[in-house]
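Heads up: the sequence lines are chains A and B, in that order. Under the working numbering, the first residue of the first sequence is numbered 1, with each subsequent residue one higher. Under the working numbering, the first residue of the second sequence is numbered 1, with each subsequent residue one higher.
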Amino acid sequence: MSASAGHGASVRIEACGKTFAEGTRALEPATLDIARGETLVLLGPSGCGKTTMLRIIAGLELPDAGGKVLFDGKDMTSVPIERRNVGMVFQSYALFPNMSVSANIGYGLKIRGVPDKERAARVAELVALTNISGLENRRIDQLSGGQRQRVALARAVAIRPGILLLDEPLTALDAALRDRLRGELNRLLRALGITTIYVTHDQAEAMELGDRVVVMEKGKIAQIGSPREIYFTPQSRFVAEFIGAANIIEAPIENGHLVLPGGRQAIGGEANIPAAVAMIRPETIRVVETGSAPLSGMVDSVSFIGDRQRLVVSGASSKLITVDAPNTVQARAGERVGLLISPDAVRLLPQ
Amino acid sequence: MSHKSFVWLCLLPLVVVTAAFFLVPMARLVVTGAEGPQGITGYLAILTEPRYRATLINTVVLAAATTIVTLIVATIAGMFLQRHRFPGRAVLIAMLTFPLAFPGVVIGFLIILLAGRQGLIGDLTNRVFGEKLVFAYSIYGLFLGYLYFSIPRVILTIMAAVQKLDVGLEEAARSLGAGPWAVQRDVVLPALGPAFVASGAIAFATAMGAFGTAFTLATNIDVLPMLIYTEFTLAANFSISAALSVGLGVITWFILALARSFSGSAVAAAG
Ligand SMILES: Nc1ncnc2c1ncn2[C@@H]1O[C@H](COP(=O)(O)OP(=O)(O)O)[C@@H](O)[C@H]1O
Ligand SMILES: [Mg+2]
């Protein structure tokens, strides 16, 4: 999605760090630009500071001295959340238990003094958009988890916010529902085209929803890039291991080859270093006859998953190598196989 | 011995105590109330006899005013105390809840020290305006005493309820544009509703029936417990004082039930 086509505000955070009163350093000073209409995902393990960054953008936390939050170039750092015009979906949804579904959705409009008729029309529009018709008069405690998630989203979007902020909106749901709602949420966010910042610890969510993904580690930004960039060209071992499955191989290098127990593996580009940490994605490895590949090993186990099968191969590298092979490949535990890996698929990571 | 009869045996002391100290005297009270010259219509005297009715209204107004003012003061104080940390907070809470340990007589005594003939307030007004302000021996003194008495209980209940509030709800309301007042009105106060009803009911019932403070202040304050006392000891009018006692209980119970069902339906209507 191009930046000019989007709605809402652009966001810039400048040197925003956060140290809590009792000394916890939740966020190292970070600078980040989010284009108008872009969906940016903050991804990282629990406790890495995602929520803290989101709350600074929302205006629920003040950054440490020196930090700045700008919307459309305007300094918002000291503007309280109620005047930032942000729509927020909380991890616990935080729906008002003393109000019906439609009163929840219409609350922001009511606060803004939108006349009853116009408000009802907007609420109806969002009820349709989020697929919750028939629930308008329910109490919140009469809703399922998935329904609550939709109401929370409808409520946040109803006010036509400049920025939509979502903190792990699917984490509270069970796995099957989460997968379904992820697709639904993706379509909805694309349809709205509004600047969105989405926090999650689930890399599948980050991949599907993000125009760009910010991977965070212990309060620091580890890498920013498109889902493809962070998947194929991780800049650190942490990112490589956190995003998807990865074989991490430490080996000496000779003449542009990794020297491994099971053979030699060519690497792309130039590498004038004596040793490296390399990452190889399991699905980039082809299982072939021994002899037709420079690298070989023994199949330890085969797990048939349906659409593909996962092989664990020993002896090729100093550690076990995981291979995702098509479900048509015939391989049995105990067999020797060749492993064919394109030099481009070998990514050297900084030590 | 079967399990069931064992349970019944364990319950026996409760049954005996309930019968001896609750059911039997209550029954006796109800019977006595109907034994006066007017018979069973003696019960209506609390409503039909102008002096009794005036006292009843007085008492209900006093109790209602006590409840409302207590709730307002205690809610603001309780919310502040629960949400802020400052040096001396623990001492302040201990001081505020100290009156819990006092019987009504001591509270009455404190009110006299404050607003009586030799009281602090009288002293002060005498110096400033040349006139002594004395209100300890009236229903205003009683009102002050009941406030003193009720606020600590309500503060503790409200503090516990505030602690359980979901801060996320307030943040959600703010994100939707609600300022501090709107957040209180739409999120905080509705969530505290059950705590208001529970602690307000105790404040109301106490103010309806407390006797010690009133008795310490003056014997001619126009409230029901004093009326029962004077009818009983001074006029030896057993049946009327019994009828008034039952009436006091029934009316208090009725108003509390009304408040409870009203707040219950208010929550349902809002939901
Ligand atoms: N209000 C707070 N007071 C003190 N420490 C906090 C507070 N909020 C978060 N933290 C700490 O800051 C770190 C980052 O938290 P958070 O941003 O919530 O992580 P994430 O959302 O990525 O799981 C954690 O170590 C957490 O314990
Ligand atoms: Mg979080």
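We put the beta carbon where it would ideally sit given N, CA and C, even for glycine. The structure presented is a predicted model; accordingly, all values stated were derived computationally and were not measured.
Item: Contact belief for A205 (chain B) with T157 (chain B) at Cβ below 8 angstroms, rounded distance in angstroms; Value: With a Cβ gap of about 14 angstroms, A205 (chain B) and T157 (chain B) do not count as contacting.
Item: G145 (chain B) versus T77 (chain A) - alpha carbon distance; Value: 49 angstroms
Item: Neighbour-count burial assignment, I46 (chain B), 16 or more Cβ in a 10 Å radius; Value: buried
Item: C-alpha gap between V128 (chain B) and V91 (chain B), whole angstroms; Value: 33 angstroms
Item: Separation of A259 (chain B) from L40 (chain A), as counted between CA atoms; Value: 51 angstroms
Item: 7 angstroms Cβ cut-off: residues of chain A touching P190 (chain B); Value: N98
Item: 4-residue-minimum alpha helix (DSSP H) runs that sit fully inside the stretch 95-152 of chain A, ordered along the chain; Value: 101-111, 116-129
Item: Proximity below 8 angstroms, CB of V346 (chain A) to CB of G297 (chain A); Value: no
Item: Limits of the unbroken alpha helix (DSSP H) element including Y198 (chain A); Value: Unbroken run through Y198 (chain A) is the beta strand (DSSP E), 195-200; no alpha helix (DSSP H).
Item: C-alpha gap between K4 (chain B) and P13 (chain B), whole angstroms; Value: 16 angstroms
Item: Proximity below 8 angstroms, CB of N85 (chain A) to CB of P161 (chain A); Value: yes
Item: Run of the beta strand (DSSP E) containing C16 (chain A), from where it starts to where it stops; Value: 11-19
Item: Beta carbon proximity, R332 (chain A) to chain B, threshold 8 angstroms; Value: no
Item: Extent of the continuous alpha helix (DSSP H) to which L332 (chain B) belongs; Value: Only positions 1 to 271 of chain B appear in this structure, which leaves residue 332 (chain B) out of reach.
Item: M216 (chain A) versus S342 (chain A): straight-line alpha-carbon distance, rounded; Value: 30 angstroms
Item: Rounded separation between L189 (chain B) and V162 (chain B) - CA only; Value: 10 angstroms
Item: Cβ separation of I57 (chain B) and S138 (chain B), assumed to be a contact under 8 angstroms, to the nearest whole Å; Value: In fact, because the Cβ distance is near 16 angstroms, the residues do not count as touching under 8 angstroms.
Item: Classification of K74 (chain A) by the beta-carbon crowding that lies within 10 angstroms, buried from 16 upward; Value: exposed
Item: Per-residue burial, N327 (chain A) [other beta carbons within 10 Å of its own, 16 or more giving buried]; Value: exposed
Item: Neighbourhood of L272 (chain B) by C-beta, 6 angstroms cutoff - its chain only, sequence neighbours within 5 removed; Value: Residue coverage of chain B in this structure runs from 1 to 271, which leaves residue 272 (chain B) outside it and unanswerable.
Item: Where I280 (chain A) sits in the DSSP three-state scheme; Value: strand
Item: Any beta strand (DSSP E) of 3 or more consecutive residues that is wholly inside the stretch 106-184 of chain B; Value: none
Item: Beta-carbon gap between M159 (chain B) and G78 (chain B) smaller than 8 angstroms; Value: yes
Item: Residue interval of the beta strand (DSSP E) (run including R310 (chain A)); Value: 308-314
Item: Inter-residue Cα distance where the pair is I194 (chain A) and T97 (chain B); Value: 52 angstroms
Item: Backbone secondary structure at Q330 (chain A) - three-state DSSP; Value: coil
Item: Euclidean distance between Cα positions of Q91 (chain A) and S317 (chain A); Value: 42 angstroms
Item: beta-carbon F242 (chain A) near ligand 3 non-hydrogen atom, thresh 7 angstroms; Value: You won't find ligand 3 in this model; what it holds is ligand 1 and ligand 2.
Item: N247 (chain A) classed as buried or exposed, judged by whether at least 16 other C-beta atoms fall within 10 angstroms; Value: buried
Item: Rounded straight-line distance, which links the Cα of A257 (chain B) to that of F242 (chain A); Value: 59 angstroms
Item: Neighbour-count burial assignment, G31 (chain A), 16 or more Cβ in a 10 Å radius; Value: Rather than Gly, the amino acid found at residue 31 (chain A) in this sequence is Thr. So T31 (chain A) ends up on the exposed side.
Item: Near ligand 1: K50 (chain A) beta-carbon under 7 angstroms from a heavy atom; Value: yes
Item: Inter-stretch contact at 8 angstroms, needing at least 3 Cβ pairs: the stretch 241-249 of chain B / the stretch 174-181 of chain B; Value: no
Item: Alpha-carbon spacing of F71 (chain A) relative to M53 (chain A), whole angstroms; Value: 15 angstroms
Item: Three-way DSSP call (helix, strand, coil) for T171 (chain A) in this model; Value: coil
Item: Which of helix, strand or coil DSSP assigns to G297 (chain A); Value: strand
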